[in-house]
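Right, one structure below, let's go through it.
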Amino acid sequence: EAQVTQNPRYLITVTGKKLTVTCSQNMNHEYMSWYRQDPGLGLRQIYYSMNVEVTDKGDVPEGYKVSRKEKRNFPLILESPSPNQTSLYFCASSFLGALYNEQFFGPGTRLTVL
Amino acid sequence: EDKVVQSPLSLVVHEGDTVTLNCSYEVTNFRSLLWYKQEKKAPTFLFMLTSSGIEKKSGRLSSILDKKELFSILNITATQTGDSAIYLCAGFLSSNTGKLIFGQGTTLQVKP
Chain A
44 EAQVTQNPRY LITVTGKKLT VTCSQNMNHE YMSWYRQDPG LGLRQIYYSM NVEVTDKGDV
104 PEGYKVSRKE KRNFPLILES PSPNQTSLYF CASSFLGALY NEQFFGPGTR LTVL
Chain B
14 EDKVVQSPLS LVVHEGDTVT LNCSYEVTNF RSLLWYKQEK KAPTFLFMLT SSGIEKKSGR
74 LSSILDKKEL FSILNITATQ TGDSAIYLCA GFLSSNTGKL IFGQGTTLQV KP
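Chains as they are written, first to last, in the numbering used here: chain A, 44 to 157; chain B, 14 to 125.
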């Protein structure tokens, strides 16, 4: 089944404890992206990647890192999480040719930083 | 500054009503505008619009773009309770980047 998977789905952690949220897609998509969703603010793009080893900042990259060593994986790293990073996170992917069409979203990761 | 603004932010209607959701944008090098529906899970794709004046339609949903006035509308006719969701509008900044700007979303509640 074609899908985007994220792990973990729920995470409660403490300030300063490094964490990684994994994202994997099995559709051979070139494009992958991370978003956070907060009430009243909609979805905001954190980082995106147009292909392996190519990443770029979205609108809210501060406090996050990403890497794209393989086409299927695009992990989101929080080196020193803070409470203002408590949010719902979505990973998405698409073919570059269909970049302006449908992005497939993962199920979301709800992160709470205490 | 690139931005996408949706209105209203929330809306309550009754089954059978017709609703119009608005999305205005200021994007430096506009490429396309997308509409998504989000229930209690990940967003799902509805429409992509690139050309002015061409209506996209899927069942009771339709959408149109006005590139001169920089806005788009999403219409839902004969609403059903299953249409209750957050509707998201997003603009692609440029053909050469993957930067995507979302609006705040419109929360639609359809009452029986």
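Virtual Cβ for every residue (Gly too), placed ideally from N, Cα, C.
Can you tell which of the options has its C-alpha closest to the C-alpha of residue i?
i, options, result
"Ala91/B", "Glu82/B, Pro21/B, Lys81/B and Arg73/B", "Arg73/B"
"Val156/A", "Asn50/A, Thr129/A and Thr63/A", "Thr129/A"
"Trp48/B", "Lys124/B, Ser75/B and Asp79/B", "Ser75/B"
"Gly140/A", "Leu131/A, Asn94/A and Gln88/A", "Asn94/A"
"Thr98/A", "Cys66/A, Phe117/A and Gly83/A", "Phe117/A"
"Gly85/A", "Val18/B, Leu62/B, Thr41/B and Gly95/B", "Val18/B"
"Gly104/B", "Lys54/B, Tyr38/B, Thr94/B and Thr57/B", "Tyr38/B"
"Ser23/B", "Pro82/A, Glu113/A and Tyr78/A", "Pro82/A"
"Gly66/B", "Ile114/B, Ser85/B, Pro56/B and Ile89/B", "Ser85/B"
Would you mind stating whether residue i and residue j have Cβ atoms separated by less than 8 Å?
i, j, result
"Arg52/A", "Pro124/A", "no"
"Thr110/B", "Leu34/B", "no"
"Arg111/A", "Glu96/A", "yes"
"Leu46/B", "Ser64/B", "no"
"Val25/B", "Gln122/B", "yes"
"Tyr74/A", "Ile89/A", "no"
"Cys66/A", "Gln49/A", "yes"
"Lys50/B", "Thr57/B", "yes"
"Arg87/A", "Phe115/B", "yes"
Roughly how many angstroms lie between the CA atoms of residue i and residue j, to the nearest whole one?
i, j, result
"Glu52/B", "Ser97/B", "7 Å"
"Tyr91/A", "Pro104/A", "10 Å"
"Ile59/B", "Thr56/A", "The sequence given here places Leu at residue 59/B; Ile does not occur at that position. So the alpha carbons of these two residues sit roughly 35 Å apart."
"Lys80/B", "Leu87/B", "15 Å"
"Glu82/B", "Val47/A", "36 Å"
"Thr36/B", "Leu106/B", "Correcting the residue identity first, residue 36/B is Cys in this sequence and not Thr. Whole-angstrom Cα-Cα distance: 15 Å."
"Ser76/A", "Glu122/A", "18 Å"
"Lys112/B", "Lys61/A", "26 Å"
"Phe147/A", "Cys134/A", "8 Å"
"Val64/A", "Arg153/A", "10 Å"
"Tyr100/B", "Lys100/A", "25 Å"
"Lys70/B", "Lys124/B", "24 Å"
"Thr31/B", "Thr58/A", "47 Å"
"Glu214/A", "Ser137/A", "No answer is possible for residue 214/A: it lies beyond the span of chain A, which begins at 44 and ends at 157."
"Gln93/B", "Glu28/B", "5 Å"
"Ser95/B", "Lys54/B", "One point to set straight first is that residue 95/B is Gly, not Ser, in the sequence displayed. C-alpha separation (whole angstroms): 14 Å."
List the endpoints of the continuous beta strand (DSSP E) containing residue i.
i, result
"His27/B", "Ser23 to His27"
"Phe84/B", "Phe84 to Ile89"
"Thr56/A", "Tyr53 to Thr56"
"Ile77/B", "Leu74 to Asp79"
"Leu59/B", "Thr57 to Leu62"
"Ala45/A", "Careful: Ala45/A lies outside any beta strand (DSSP E) and carries neither H nor E."
"Phe115/B", "Leu113 to Phe115"
"Gln19/B", "Lys16 to Ser20"
"Asp105/B", "The sequence given here has Phe at residue 105/B, not Asp. Phe105/B -> beta strand (DSSP E) spans Ala98 to Phe105."
"Leu131/A", "Ser130 to Ser137"
"Leu47/B", "Ser45 to Gln51"
"Gln146/A", "Here Gln146/A belongs to no beta strand (DSSP E), and DSSP marks it neither H nor E."
"Ile120/A", "Leu119 to Leu121"
"Gly85/A", "Gly85 to Asn94"
"Leu34/B", "Val32 to Glu39"
Closer than 9 Å between beta carbons: that is the criterion. Which residues of the stretch 85-108 of chain A meet it against chain B? Listed in sequence order: Gly85, Leu86, Arg87, Gln88, Tyr91, Ser92, Met93, Asp99, Lys100, Gly101 and Asp102.
Closer than 7 Å, Cβ to Cβ, to anything on chain B: give me those residues from the stretch 56-78 of chain A, in chain order. Contacts with chain B (Cβ-Cβ distance below 7 Å) from the stretch 56-78 of chain A involve Tyr74 and Ser76, listed in chain order.
Could you list the residues in the stretch 109-124 of chain A with a C-beta less than 8 Å from some C-beta on chain B, going in chain order? Answer set for the stretch 109-124 of chain A: empty.
Closer than 8 Å, Cβ to any Cβ of chain A: which residues of the stretch 54-65 of chain B, in chain order? The stretch 54-65 of chain B vs chain A, Cβ under 8 Å: Lys54, Ala55, Pro56, Thr57, Phe58, Met61 and Thr63.
Of all the residues that make up the stretch 109-120 of chain B, which are near chain A by a beta-carbon distance shorter than 8 Å? So the list reads Thr110, Gly111, Lys112, Leu113, Ile114, Phe115, Gly116, Gln117 and Gly118, given in the order they occur along the chain.
Quick one: which residues of the stretch 89-104 of chain B get their C-beta closer than 7 Å to a C-beta of chain A? List them in chain order. Answer set for the stretch 89-104 of chain B: Leu101.
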